[in-house]
Amino acid sequence: MTTKAVLPNQSRNKNLPIVVLIAGWVVPGLGHLLLRKYIRAGLLFVSIVTLFAAGLAMGGKLYATGTGDMLDLLGVVADAGNPLLYLLGRMLDWGNAPVLLAVAEYGTKFVAVAGLLNVIAAVDAHSLANGRKVGL
Amino acid sequence: MSHFSAVLIFAACASVVFGITQRAEPRMMIRFGLFCFGLFIFGTMAASWLMFLIKH
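Chains A and B, in that order, give the protein sequences. Taking the working numbering, I'd label the letters of the first sequence as residues 1 to 136. Taking the working numbering, I'd label the letters of the second sequence as residues 137 to 192.
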């Protein structure tokens, strides 16, 4: 005989994990904020936005599609881990300056890693919402 | 910005995210975050010295 585990969060709102996942992906830390993990949400937001902003301040670039370089697509995927910041940056033409600083290449990696870390944070919020991860 | 300050910023930000996402208990989050931070700094310095020694 098998028993079906009932997770506490599932009974509250079936759509909550998906909502939290998308919210956390669009705005860093918003997923945790919706789950009332205020300190974690703040720390995630500050860390990810700081990494993104520092990357651009160091002269890092935002990857774009249509450059003819297939490897740039991987950069776009990483950058798009922060969709709101990425679109904002593309609209305001951030990360498009010629490379003048020695740390500019690091800046490009900072922006990409900020996107990847945001995906990890959004998945963590999803795991908390569906009960896979026990949140204290 | 120097290379080392760039390493410090990267290590601090990445460690916070790793600590929060990879552990469930707040105390363990802090411990794991500090562990990651130390590992980032130590790893970078070790790799830097290794490259220096290879070149010289």
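Positions of the beta carbon are idealized from the N, C-alpha and C atoms, including for glycine. All of these numbers come straight from a predicted model, not from anything done at the bench.
| Check | Outcome |
| --- | --- |
| Which chain B residues are close to A:K133, counting only those with a beta carbon under 8 Å from its beta carbon? | A160 |
| In its own chain, which residues sit with a C-beta less than 7 Å from the C-beta of A:L33, not counting the 5 before and 5 after it? | A41 |
| Quick check: A:A54 and B:A182, are their CB atoms within less than 9 Å of each other? | no |
| Strictly below 8 Å CB to CB, what residues from chain B border A:V113? | F146, A150 |
| If we define contact as Cβ-Cβ less than 9 Å, is B:T180 a contact residue for chain A? | no |
| Tell me which residues of the stretch 116-132 of chain A have at least one Cβ-Cβ distance to chain B shorter than 7 Å, keeping chain order. | L117, I120, A121, D124 |
| Please report the straight-line C-alpha distance between B:F140 and A:K14, rounded to a whole angstrom. | 46 Å |
| Hey, out of A:T108, A:G89, A:G81, whose CA is closest to A:V119's CA? | A:G81 |
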